[in-house]
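> Numbering (our numbering), first residue to last: 988 to 1163.
1) Return the chain-ordered list of same chain residues with a C-beta closer than 8 Å to the C-beta of residue 1127, the five sequence neighbours on each side being excluded.
2) Where do the ends of the alpha helix (DSSP H) carrying residue 1114 lie?
3) Taking C-beta to C-beta, are residue 1168 and residue 1146 nearer than 8 Å?
4) State the Cα-Cα distance for the pair residue 1163 and residue 1149, rounded to the nearest angstrom.
5) Mapping DSSP to helix, strand and coil, what is residue 1095?
6) In terms of residue numbering, what span does the alpha helix (DSSP H) encompassing residue 1151 cover?
7) Is the beta carbon of residue 1025 sitting closer than 8 Å to the one on residue 1070?
8) Under 8 Å between the Cβ atoms of residue 1058 and residue 1140?
9) To the nearest angstrom, report how far apart residue 1035 and residue 1023 are at their CA atoms.
10) Identify which residue in 1092, 1007 and 1062 has its Cα closest to the Cα of residue 1045.
11) Could you tell me which of 1137, 1081, 1043 and 1017 sits nearest to residue 1095, measuring between CA atoms?
12) Can you tell me whether residue 1004 is buried or exposed? The criterion is at least 16 other CB atoms within 10 Å of its CB, across all chains shown.
13) Skipping 5 residues on each side, what residues in its chain have a beta carbon closer than 7 Å to that of residue 1077?
14) What's the C-alpha gap between residue 1106 and residue 1030?
15) Could you name the residues of the same chain whose beta carbon sits closer than 7 Å to that of residue 1097, not counting the 5 residues immediately before and after it, in chain order?
16) Cα separation between residue 1060 and residue 1130?
17) Since residue 1103 and residue 1073 should fall inside the 8 Å C-beta cutoff, what is the C-beta to C-beta distance between them, to a whole number of angstroms?
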């Protein structure tokens, strides 16, 4: 009887071991699959984030350059002839487009890019203020067409710095 009981215990232990091994194998496979899914999801989120930033950066770079160009054009118009409504509309449209892109960048760009984008935004709006005061013939002390033109020209270096920060964030800048 003792032999029969030990055979039953051994058989039960064998079945339990087999079932337990299968269960552990299944749980391990499920864990591995979950990790794989999480990894794929994380990689996809990284790709989506990079694509969003790339689009945002391209638009911000374009609109910032357009705003700087519009300021330069407006200064030339002010030197050559009377500013017309169409000139004002063009300048304000460039300013508005830049403002919209800068607002978007504030939501997706990392701090390293935002620091340079903020400097560009500040510079563009400073020159815009000078241009508008000069247009109204109400310049601040020391503001002239020449000082406004110099500050407008200085914007191009700020724009290059911003573009470099954006390219670096996207991993396309040269590491010098």
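Don't be surprised by glycine CBs; every beta carbon is placed ideally from N, CA and C.
Taking the geometry as given:
1) On the chain shown, residue 1127 is found 140 positions in, with the first residue counted as 1. Here the set comprises 1117 and 1120.
2) Taking the first residue of the chain shown as 1, we reach residue 1114 at position 127. 1098-1122 is the span of the alpha helix (DSSP H), which, as asked, contains residue 1114.
3) What is shown of the chain runs 988 to 1163, which leaves residue 1168 out entirely.
4) The count along the chain shown starts at 1 and reaches residue 1163 at position 176. The count along the chain shown starts at 1 and reaches residue 1149 at position 162. Unreliable placement is indicated for residue 1163, whose pLDDT of 49 sits below 50; no coordinate value is reported for it.
5) Translated into the one-based positions of the chain shown, residue 1095 becomes position 108. Helix.
6) Here residue 1151 corresponds to residue number 164 of the chain shown, with the count starting at 1. For residue 1151, the enclosing alpha helix (DSSP H) stretches over residues 1132-1157.
7) Position 38 of the chain shown holds residue 1025. Position 83 of the chain shown holds residue 1070. Not closer than 8 Å, so no.
8) If you number the chain shown from 1, residue 1058 lands on position 71. If you number the chain shown from 1, residue 1140 lands on position 153. No, they are not a contact pair.
9) Along the chain shown, read from residue 1 onward, the residue named residue 1035 stands at position 48. Along the chain shown, read from residue 1 onward, the residue named residue 1023 stands at position 36. Going by the C-alpha atoms only, they are around 18 Å apart.
10) Locating residue 1045 in the chain shown gives position 58, counting from the first residue. Taking each of 1092, 1007 and 1062 in turn and checking the Cα distance to residue 1045, the smallest one comes out for 1092.
11) Within the chain shown, the letter at position 108 stands for residue 1095. Checking every option, the nearest Cα to that of residue 1095 belongs to 1043.
12) Along the chain shown, one-based indexing puts residue 1004 at 17. Residue burial is scored here from C-beta neighbours: residue 1004 has fewer than 16 other C-beta atoms within 10 angstroms and is therefore classed as exposed.
13) Taking the first residue of the chain shown as position 1, residue 1077 is located at position 90. The beta carbon of residue 1077 sits closer than 7 Å to the beta carbons of 1057 from its chain, once the five residues preceding and following it are set aside; these are given in chain order.
14) Residue mapping note: residue 1106 aligns to position 119 of the chain shown, counting from 1. Residue mapping note: residue 1030 aligns to position 43 of the chain shown, counting from 1. For the pair residue 1106 and residue 1030, the Cα-to-Cα distance works out to about 32 Å.
15) As a working mapping, residue 1097 is identified with position 110 in the chain shown. Here the set comprises 1156.
16) For the purposes of this step, residue 1060 is taken as residue 73 along the chain shown, with counting starting at 1. For the purposes of this step, residue 1130 is taken as residue 143 along the chain shown, with counting starting at 1. Cα-Cα distance, rounded: 18 Å.
17) The sequence position of residue 1103 within the chain shown is 116, counting from 1. The sequence position of residue 1073 within the chain shown is 86, counting from 1. With 8 Å as the limit, residue 1103 and residue 1073 do not qualify as a contact, their Cβ atoms being about 32 Å apart.
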